[in-house]
Amino acid sequence: MNHNEIESFSGAAADTLSDIVLDSPTGPMMRGIHKYADTMFNAYQLKFFLEELDSANPRSDSERELFSVLRRASESAIRQQGYLWFSGD
Numbered sequence: 009m010n011h012n013e014i015e016s017f018s019g020a021a022a023d024t025l026s027d028i029v030l031d032s033p034t035g036p037m038m039r040g041i042h043k044y045a046d047t048m049f050n051a052y053q054l055k056f057f058l059e060e061l062d063s064a065n066p067r068s069d070s071e072r073e074l075f076s077v078l079r080r081a082s083e084s085a086i087r088q089q090g091y092l093w094f095s096g097d
């Protein structure tokens, strides 16, 4: 298991994620991300998260960019046997 920070993202992608999880989460995994608390997905959970991202229909360029960032981060965490951690506010 890898518990080291590999990468982080902020800015527009993080803001878009905040909006999605509060307003209209795309599925149960996205719904599980809490804006005001930390959320962590392990490699097993990330497989379901990737399926959810693949079936999501982005409504804007910012959502399309966010889903791309989340997909890359999820795949990286799975490859490295790590976690994807969302730091709440």
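Just add 8 to the spot in the sequence shown (first one is 1) and you have my numbering. Cβ atoms here follow ideal geometry from the backbone N, Cα and C, with glycine treated the same way. Keep in mind that this is a model prediction, so the values were computed, not measured.
Neighbourhood of I41 by C-beta, 8 angstroms cutoff - its chain only, sequence neighbours within 5 removed: The residue you call residue 41 lines up with position 33 of the sequence shown. Excluding sequence neighbours, I41 sits near L25, V29, P33, T47 and F94.
Just to confirm my understanding: we take Y44, look at its own chain, exclude 5 residues before and 5 after, and list those with CB closer than 7 angstroms. What are they? One-based indexing of the sequence shown puts residue 44 at position 36. In the same chain as Y44, and ignoring 5 residues on each side of it, the C-beta atoms closer than 7 angstroms to its own belong to G96 and D97, in chain order.
Distance CB(L74)-CB(A21) smaller than 7 angstroms: Taking the sequence shown and counting its residues from 1, the one referred to as residue 74 is at position 66. Taking the sequence shown and counting its residues from 1, the one referred to as residue 21 is at position 13. Yes, they are a contact pair.
How far does the beta strand (DSSP E) with F17 in it reach, from first residue to last? Along the sequence shown, read from residue 1 onward, the residue named residue 17 stands at position 9. Unbroken run through F17: none, as it is neither H nor E.
Quick check on this structure: which residue in S76, E71 and R79 has the alpha carbon closest to the alpha carbon of D23? For the purposes of this step, residue 23 is taken as the residue at position 15 of the sequence shown. By alpha-carbon distance to D23, the top candidate from S76, E71 and R79 is E71.
Provide the residue span of the alpha helix (DSSP H) that contains M38, from first to last. Residue 38 sits at position 30 when you count from the first residue of the sequence shown. Element bounds for M38: P36 to R39.
Between which two residues does the alpha helix (DSSP H) carrying A81 extend? Counting from 1 along the sequence shown, the entry for residue 81 is found at position 73. Annotation: the continuous alpha helix (DSSP H) that includes A81 extends over D69 to R87.
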